[in-house]
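Student: This is the structure, below, for whatever I ask next.
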Ligand code: DGJ
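Have a look at this one:
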């Protein structure tokens, strides 16, 4: 059992970390420790004085105790803790006080699913233990059930919260964070988060922690291009391969808020959960609200070890279904070669080209339905475009499959165009406020997936298409954000629920889709990485992480995203030059290397390539096929950070260390500079490794402790090595 119970205190153990909490004499739940391993002992005694001037003492409390200075486990609003609360309610009498005290606890073998929300899971009970603690505010009878799962094989703790109204009056839940942790004085010094925008997602930002609050958030209805629902606290000197790191990753795809507050006594309160702005949930007597899960990862060996824990856990115990452990197909996507202008012969020609190169699937993107010739119409009218596909979709799919590749199809299930049969028939099916004209984003509106009748009809239409032809791959896109958020399906007192209900509706749709079509490979996309989060990962096999296909831009985007997500779920396409987003011209070897280390795809018309480049692209496809098993299970080491110099480098090592792939890209060449050394990680120092391309060999210790110096190269030049154990 990785959970040890003392007298009203618990130590959760993962292979290399401990998480401890205890109940004070007053019944408050106190955070004790999250970090390197500590044998179970009474840590509560080690912080006997919890009082300073101006610290209020609870009416029934001992004199030396105040919630104001206590490291709390689940702080509530309007009591004697003045820092950011994890839970906030408005009671029926208009007051907001909540004083949650310990009631009971139970230990469960394994992990129970979270109803209605995606979460990590176990396949066998021995993989984890779960602690559930029940807290209660006696006057209002509001209960909080905190759930902690410690994994035996991962340095991860999954936390979630359910709020129950056991009273007799309705209550408004205004905030509930899934995790709130008070790290002790002087542990975290900086915090790291992933920020960006469309086409430049997941930029790594590191900022010092000073007094007060810092936060990142999404108010866009989706997790967003702008901020990923993830952050990490960094201890003294923490960097890629050293130092203490505490990671927080929220398994949720909607509005979120993450805050880090350094209080007056240098405690660091870190919280993440659904964004309270625009959120309010009506809890009738007997009702409960389930908040999403947060996956906490502690690493004593820097950011690299934290990332590898997230990668292993997410790959094996967040992704699910029969396709979880299968290799992702290499797709040729027609978007950048045709945009909206194509017909059946164009697509068939692309399929033939794809097959000739060794690709495995033709992915037909936007524009195949209704009368969609640009982005101004037809979303929601999921029937084949009469002019582009005159013989129907089945003929298109059969034609593509006859060339020897499988067929994939684009949908934007949550969207509707004002110019569509669907909206004309159901003008009130969108998320909108009845008194206002809705804002348009990319000329489209959002269907209210919080309403079962809306998503059932869309489901019926999409399922009919999927049943009509052998379609093995679906790209789920989402190209605008939620505005004027309101639902005609909700009474006035429940309008604050609309955004979260939409997210729940998307999950319910995906549950149904993955249950009915378990062999369908789903690519998650929201204008690139606008909804790249663990919630969507639970239902999809890969994510299109950016609309930016430029190899140099992709270095920062992919390596930034790799802080949390494995490269093996990131779609990366070899595309044309000059690049469509930034106009840059990069060599084929660089475009190949940057894409082939993720889930390789193609986004150009191969017929337009010179013969040599076509042959080079075919070689990248062949290499990717050979590397796929290693990419799917290998451990990532980031070697050189593209934001900190003129180079990027990373490597992927087989779990048994017998094989590794190393990539290096020189971004801009410098004249007469210092010689550049590349030192590797994760190999066995005592083994000899041979490069499969050149036959050259080196000892593991030399590669890791001394490193290579290799020749200066020009701008945007890439090298890669495929090393195999030789002795
Ligand atoms: C945005 C996606 O990110 C692109 O790949 C493409 O599918 C377009 N939408 C189509 O509208």
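Residue numbers (my numbering): 726 to 1452. Don't be surprised by glycine CBs; every beta carbon is placed ideally from N, CA and C. The structure displayed is predicted, hence computed values, not measured ones.
#1: Please state whether DSSP places residue 1039 in a helix, a strand or coil.
#2: Applying the 10 Å Cβ sphere with the 16-neighbour rule, what's the burial state of residue 925?
#3: Give me, in chain order, the residues of the same chain whose beta-carbon lies closer than 6 Å to that of residue 1402; leave out the 5 immediate sequence neighbours on both sides.
#4: State the Cα-Cα distance for the pair residue 1025 and residue 1034, rounded to the nearest angstrom.
#5: Spell out the partners DSSP gives residue 1389 in its beta bridges.
#6: Identify which residue in 1342, 988, 898 has its Cα closest to the Cα of residue 912.
#7: Quick check: residue 1164 and residue 1197, are their CB atoms within less than 8 Å of each other?
#8: So the candidates are 820, 853, 813; which of them puts its Cα closest to the Cα of residue 737?
#9: Please list, in chain order, all residues of the same chain as residue 829 whose beta carbon is under 7 Å from its beta carbon, the five residues on each side excluded.
#10: Rounded to the nearest angstrom, what separates residue 1221 and residue 842 at their Cα positions?
#11: Could you name the residues whose beta carbon sits closer than 6 Å to any heavy atom belonging to the ligand DGJ, keeping them in chain order?
#12: Per DSSP, what kind of secondary structure is residue 771 in: helix, strand or coil?
#13: For residue 1326, write down the residues that DSSP places opposite it in a beta bridge.
#14: As an exercise, report each continuous beta strand (DSSP E) stretch of at least 3 residues that is fully enclosed by the stretch 947 to 1002, in chain order.
#15: Between which residues of its own chain and residue 1273 is the CB-CB distance below 6 Å, once the five residues before and five after are set aside?
#16: On the CB-based measure, 16 or more other CB atoms within 10 Å of its CB, does residue 1436 come out buried or exposed?
#17: Following the continuous beta strand (DSSP E) through residue 1416, name the residue where it begins and the one where it ends.
#18: Quick check: residue 723 and residue 1202, are their CB atoms within less than 8 Å of each other?
#19: Quick one: what's got a C-beta closer than 6 Å to residue 1073's C-beta in the same chain, skipping five residues either side?
#20: Can you tell me which of 1172, 1439, 1238, 1205 puts its alpha carbon nearest to the alpha carbon of residue 1214?
#21: Would you list, in sequence order, the uninterrupted beta strand (DSSP E) runs of no fewer than 3 residues that lie entirely inside the stretch 853 to 927?
#22: If you reduce the DSSP assignment to three classes, tell me which class residue 798 lands in.
#23: My understanding is that residue 682 touches residue 975, with C-beta atoms under 8 Å, so please give their C-beta distance in whole angstroms.
#24: What span of residues does the alpha helix (DSSP H) with residue 1073 cover, start to end?
#25: Along the chain, where does the beta strand (DSSP E) containing residue 1133 start, and where does it finish?
#26: Leaving aside the five residues before and after residue 1091 along the sequence, list all residues of the same chain whose C-beta is less than 6 Å from its C-beta, in chain order.
#27: Give the DSSP bridge partners of residue 1109, in chain order.
#28: Count the other CB atoms within 10 Å of the CB of residue 727; is the residue buried (16 or more) or exposed (fewer)?
#29: Which partner residues of residue 941 appear in the DSSP bridge assignment?
#30: Take residue 810 and list the residues in its own chain whose beta-carbon comes closer than 6 Å to its own, dropping the five residues that flank it on each side.
#31: Going by C-alpha distance, which of 1169, 745, 1210 is nearest residue 944?
#32: Suppose you measure from the CA of residue 1180 to the CA of residue 1230; what does that come to, to the nearest Å?
#33: When burial is assigned at 16 or more other CB atoms within 10 Å of the CB, is residue 1283 buried or exposed?
#34: In whole angstroms, what is the alpha-carbon distance linking residue 776 and residue 937?
#35: By the DSSP assignment, the beta strand (DSSP E) with residue 1200 in it spans what residues?
Tutor: The answer reads as follows:
#1: Per DSSP, reduced to three states, the secondary structure at residue 1039 is helical.
#2: buried
#3: 1432, 1434
#4: 12 Å
#5: 1374, 1444
#6: With respect to the C-alpha of residue 912, the residue from 1342, 988, 898 having the closest C-alpha is 988.
#7: no
#8: 853
#9: 859
#10: C-alpha separation (whole angstroms): 19 Å.
#11: Residue list for the ligand DGJ: 1060, 1090, 1091, 1135, 1202, 1204, 1250, 1252, 1253, 1269, 1272 (CB closer than 6 Å to any heavy atom, chain order).
#12: Residue state, collapsed to three classes: helix.
#13: 1056, 1298
#14: 952 to 960, 970 to 975, 981 to 987, 993 to 999
#15: 924, 1306
#16: exposed
#17: Judged by DSSP secondary structure, residue 1416 falls within the beta strand (DSSP E) whose first and last residues are 1413 to 1416.
#18: An answer regarding residue 723 cannot be provided, because it is not within the stretch 726 to 1452 covered by the chain.
#19: 1124
#20: 1172
#21: 853 to 862, 867 to 876, 881 to 890, 896 to 908, 913 to 922
#22: coil
#23: Because the chain in this structure spans residues 726 to 1452, residue 682 falls outside the shown range and cannot be described.
#24: 1069 to 1082
#25: 1131 to 1136
#26: 1135
#27: 1094
#28: buried
#29: The partner list for residue 941 (beta bridge, DSSP) reads 983.
#30: 800, 801, 802
#31: 1210
#32: So the two alpha carbons sit approximately 7 Å from each other.
#33: buried
#34: 20 Å
#35: 1198 to 1201
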